[in-house]
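Chemist:
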Amino acid sequence: MQKTIIEFLGTFLLAFVVTIGVGGGISSNLAPFAAFAAYAAAIYFGGHISGGLFNPAVSLSMFMRKLLTPQGLGSIFFAQILAGVVAGMVAKSMPALHFPKEAFSPDMRSAVMVEFIFTFFLCFTVLQVSTAKATKGNSFYGVAIALVVLAGALSVGSISGGVFNPAVGGALLTTGYFDATTFFVYAAAQLAAAVIAGGLFKFTNPDEFSATGACENSAPQG
1164 MQKTIIEFLG TFLLAFVVTI GVGGGISSNL APFAAFAAYA AAIYFGGHIS
1214 GGLFNPAVSL SMFMRKLLTP QGLGSIFFAQ ILAGVVAGMV AKSMPALHFP
1264 KEAFSPDMRS AVMVEFIFTF FLCFTVLQVS TAKATKGNSF YGVAIALVVL
1314 AGALSVGSIS GGVFNPAVGG ALLTTGYFDA TTFFVYAAAQ LAAAVIAGGL
1364 FKFTNPDEFS ATGACENSAP QG
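For any residue, its number in my numbering is found by taking its place in the sequence shown, counting from 1, and adding 1163.
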């Protein structure tokens, strides 16, 4: 239960900050830095309890890494998506914020490409800096992970919105900034990227797994 609560809180913080930016509460030039700060803070306050995932795609990559059980993955998925929806509802209820009346309409091919690429690098970075034996006990993991989000938001935010997270997509769907098609297409690309990241981590770090494929550094989050 503690892990689920932490995942809800951290995901809510990240999604809420992003939706505030979309609603005009943060300068567009500063919004990526606000998301970076929120994500890094959440990782540090929750990492020792839940693993500091705050993203269904990252959670799926942890499942691929065999650090989450199917039951744990399901409960964390639910907490993260719920947090995104609640964050969107709270932001939408604030009179000071003004969300676009028409949904964001990206060039879908370009948007899917960049969402896949940066979600892949986000998940791959999480696996490398927070689960590999060679980086065990480091203090930089939160900044390293959040920097991927910052780099993505600054470089491709104008193309896709710089989401890289189905829970954040859920928040944007709730506010009306995303329509259902955009949400589901993005989520599919993001989850596919998580699977590829998990597979590539296993390929590039064979010493992390036993001959049977079981994780040797396993500390299941659920």
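Positions of the beta carbon are idealized from the N, C-alpha and C atoms, including for glycine.
When you compare the segment 1282-1296 with the segment 1231-1244, are there three or more beta-carbon pairs, one atom per stretch, that lie closer than 8 angstroms?
Modeler: Because the criterion of three Cβ pairs below 8 angstroms is not met, the segment 1282-1296 and the segment 1231-1244 do not touch.
Chemist: Answer yes or no: do F1281 and F1341 have a C-beta to C-beta separation smaller than 8 angstroms?
Modeler: In this structure, F1341 does not lie closer than 8 angstroms to F1281 by Cβ.
Chemist: Please confirm if the segment 1168-1180 is in contact with the segment 1188-1204, defined as three or more CB-CB distances below 8 angstroms between the two stretches.
Modeler: Yes: at least three Cβ pairs fall under 8 angstroms.
Chemist: Could you give the distance in angstroms between the alpha-carbon of G1361 and the alpha-carbon of G1251?
Modeler: Near 29 angstroms, if we compare the C-alpha coordinates of G1251 and G1361.
Chemist: When burial is assigned at 16 or more other CB atoms within 10 Å of the CB, is R1272 buried or exposed?
Modeler: When all chains shown are included, R1272 counts as exposed.
Chemist: In chain order, what residues of the same chain lie with their CB nearer than 8 angstroms to the CB of Q1165, ignoring the 5 residues before and after it?
Modeler: Result list for Q1165: I1212, S1213, in chain order.
Chemist: Thinking C-alpha only, which one of F1283, G1324, E1170, P1195 is nearest G1386?
Modeler: The structure shown does not extend to residue 1386, since the chain is modelled only from 1164 to 1385, so the question has no answer here.
Chemist: Do the CB positions of A1351 and L1223 come within less than 8 angstroms of each other?
Modeler: No.
Chemist: Enumerate in chain order the residues of its own chain whose CB-to-CB distance from G1188 is below 7 angstroms, with the five nearest sequence positions on each side excluded.
Modeler: Same-chain partners within the cutoff: A1259, L1260.
Chemist: Just checking my contact of L1313 with P1219 at CB under 8 angstroms: how many whole Å lie between their CB atoms?
Modeler: So it is not a contact: roughly 20 angstroms between Cβ atoms.
Chemist: Check whether the Cβ atoms of G1209 and L1172 sit closer than 8 angstroms, and answer yes or no.
Modeler: Contact flag set, yes.
Chemist: Assuming contact is defined by CB atoms lying nearer than 8 angstroms, are A1316 and A1198 in contact in what I supplied?
Modeler: Going by C-beta atoms, A1316 is nearer than 8 angstroms to A1198.
Chemist: Just how far apart, CA to CA, sit K1255 and F1283?
Modeler: Rounded to the nearest angstrom, the two C-alpha atoms are 30 angstroms apart.
Chemist: Nearest-angstrom Cα distance between V1306 and V1181?
Modeler: Rounded to the nearest angstrom, the two C-alpha atoms are 18 angstroms apart.
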